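Take a look at the structure set out below.
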Amino acid sequence: MGFGATPQGLPLLFCRIARNGIAILRGIEYNIEWMMSSERGERMDAERFVRNGIPMRENCPLAPLSSFRIGGTAQLALFPQTKAQLLTCLDLARRENVPFEVVGNGSNLLFPDGVYTGLMIFTRSLRAADLTGDTVTAETGVPLPALAGEALRAGLSGLEFAQGIPGTVGGGVFMNAGAFGGCMADVTAWSEWYDCETGETGRFAGDSQQFGTRTSIYEREKRYILLGAGLKLRSDDPSAIRARMEAFRDRRRRTQPIDLPSAGSIFRHPPGAFAGKLIEDCGLKGTRIGGAEVSEKHAGFIVNVGGATARDVADLIALIRERVERQTGYRLECEVRTVGFR
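All residue numbers for the sequence shown refer to the numbering used here, where the first residue is -19 and numbers rise by one.
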């Protein structure tokens, strides 16, 4: 049974191609018909992507593409519609030694405030998925809530925890996303990758994916870009699956600040403790720097209460880490991925 590439209610993102755009960076005009490439000083012609039919946008605002609603601009953003187009983007970037970042749904990450001068590749349109028996094969851009919904309709359990995670399969496997006692490591049988050093593709299966608490081989080894995954689920009564999903949804609404822009949980839980509880015990709930605030509802979240910048968030993270370490002895490690920072 195929899910299709464009599930209802999840429209693909198409961007108009800007022509002859000019960006202002540090007071200097740059023609963004071309973009700076590598330290070798080469340039990559944006027309290469146009010729390959890849939707793109020059001088692309990043804040609307982030769940934090924070970010500057990407000099060149690409929106591949198929896996073949994604591989074309990656091959061109590798051959020309162009710096790039790959982003899914823009959750659990922080974009920089300024101009990112490499390629920003968004995979959110790669939404093909297929169900055979109890195994789901999904491209990297498939939204986790949509996949959890399809699993429910098929009477398959294992993704209930993911129905409220605003990320994609790629991002979920990358960081081993999880909630309410479940995580992607529990269901990911294999994952497909592209090797940025060699241009080869392949698969990791089982333990070779190196899952840990909010990490995987993809988070540790930046050379591998995740293309898709195979998820092994198990049959169960749909009414029981639905009940668990509704319980998780209600708990999320009661305990998390889902009404404000955020990147989800900011810190990993240290061994033997909960990050949010440590932050709350240090009296940091409601602490604000600029438009970034430690959530009053859940201290493990930083929320954008209006006009927050990446600098606001970074400064607030630094304040939290210093205070928690000084008062409790625990050193908090960030869970949120920083994208495009130099």
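Even glycine gets a Cβ: it sits at the ideal position worked out from N, Cα and C. The structure displayed is predicted, hence computed values, not measured ones.
Inter-residue CB distance, residue i and residue j (contact presumed, cutoff 8 Å)
i: D93; j: A290; result: 5 Å
i: G320; j: M155; result: The pair is not a contact, with the Cβ atoms about 17 Å apart (cut-off 8 Å).
i: I282; j: S242; result: 6 Å
i: S47; j: P146; result: 6 Å
i: L58; j: R317; result: With 8 Å as the limit, L58 and R317 do not qualify as a contact, their Cβ atoms being about 19 Å apart.
i: A159; j: G152; result: Contact doesn't hold; Cβ gap of about 11 Å is too wide.
i: C262; j: T195; result: Actually they do not touch by this definition, with Cβ atoms about 25 Å apart.
i: L106; j: R222; result: Actually they are not in contact, since the Cβ atoms of L106 and R222 sit about 28 Å apart, beyond 8 Å.
Spatial neighbours of residue i in its chain, beta-carbon cut-off 6 Å, leaving aside the 5 residues before and after
i: E172; result: R183, L207 and G208
i: F191; result: N156 and A165
i: V285; result: G271 and E273
i: R311; result: E305
i: C163; result: N156
i: G244; result: N88
i: P41; result: T53
i: R301; result: L312
i: Q65; result: I34
i: A128; result: L139, A142 and Q143
i: L240; result: V283
i: C69; result: L58, P60 and I101
i: T267; result: V274
CA nearest to the CA of residue i, picked from the options
i: P250; options: E226, V304 and L240; result: V304
i: G210; options: L66, D292 and L139; result: L139
i: K265; options: L296, T178, A165 and I221; result: L296
i: E27; options: P125, L56 and K212; result: L56
i: T168; options: G144, I197, F160 and T68; result: I197
i: L213; options: P146, E177 and E130; result: E130
i: T235; options: I300, V82, G144 and N88; result: G144
i: V78; options: L90, L89, Y96 and N88; result: Y96
i: G33; options: C314, L42, P60 and C40; result: P60
i: R203; options: R37, C40 and E81; result: E81
i: I205; options: G52, F247, A73 and C40; result: A73
i: E313; options: F254, D239 and D261; result: F254
i: R324; options: D110, I259, E177 and Q307; result: Residue 324 lies beyond the range of the chain shown here (-19 to 322); nothing can be said about it.
i: F91; options: P44, I259, D114 and W170; result: P44
i: R231; options: G161, L258 and A298; result: G161
i: T193; options: R248, T62, L240 and E260; result: R248
i: T115; options: C69, T62, W170 and K63; result: W170
i: T62; options: A108, G98, N39 and R37; result: A108
i: T345; options: S215, C69 and A294; result: Nothing in the structure corresponds to residue 345, since the chain is present only between -19 and 322.
i: I259; options: C69, A298, A128 and L240; result: A298
i: N39; options: G98, E201 and I246; result: G98
i: I246; options: C69, S137, E315 and K257; result: E315
Neighbourhood of residue i by C-beta, 7 Å cutoff - its chain only, sequence neighbours within 5 removed
i: A288; result: I50, G270, G271 and A272
i: D71; result: G179
i: P331; result: Missing from the structure shown is residue 331; the chain here goes from -19 to 322 and no further.
i: E199; result: F154 and M155
i: D292; result: I269, G270, G271 and A272
i: L67; result: Y174
i: R233; result: none
i: G150; result: G84, T103, T120, G121 and L206
i: G256; result: H278, A279 and G280
Residue i at chain B interface by Cβ criterion, 8 Å
i: G244; result: Any reference to chain B falls outside this structure, which holds one protein chain only.
Cβ-based neighbour list, residue i, same chain, cut-off 8 Å, excluding 5 preceding and 5 following
i: D217; result: G135
i: T148; result: G84, N85, T103, R104, T120, G121, V122, P123 and L124
i: E180; result: Y174
i: M36; result: C(-5), I(-3), A26, F29, V30, L56, A57, L58 and F59
Residue i CB to nearest heavy atom of the ligand GDP below 7 Å
i: Q55; result: This structure simply doesn't include the ligand GDP, nor any ligand for that matter.
Residue i - DSSP class collapsed to helix/strand/coil
i: Q65; result: helix
i: K265; result: coil
i: R311; result: coil
i: D216; result: coil
i: S245; result: strand
i: E140; result: helix
i: R194; result: coil
i: S188; result: helix
i: G152; result: helix
i: V283; result: strand
i: T120; result: coil
i: A343; result: Past the edges of the chain, shown from -19 to 322, lies residue 343, and the structure says nothing about it.
i: D114; result: coil
i: V272; result: Here the sequence assigns Ala to residue 272, which means Val is not the residue at that position. The answer is strand: DSSP assigns A272 an E or B state.
i: D71; result: helix
i: L58; result: strand
i: F228; result: helix
i: I145; result: coil
i: V82; result: strand
i: T235; result: helix
i: A128; result: helix
i: E76; result: helix
### Message
Does the segment 219 to 233 come into contact with the segment 187 to 206, if we say contact requires no fewer than three beta-carbon pairs (one atom in each stretch) closer than 8 Å?
### Response
Under the three-pair Cβ rule at 8 Å, the segment 219 to 233 does not count as touching the segment 187 to 206.
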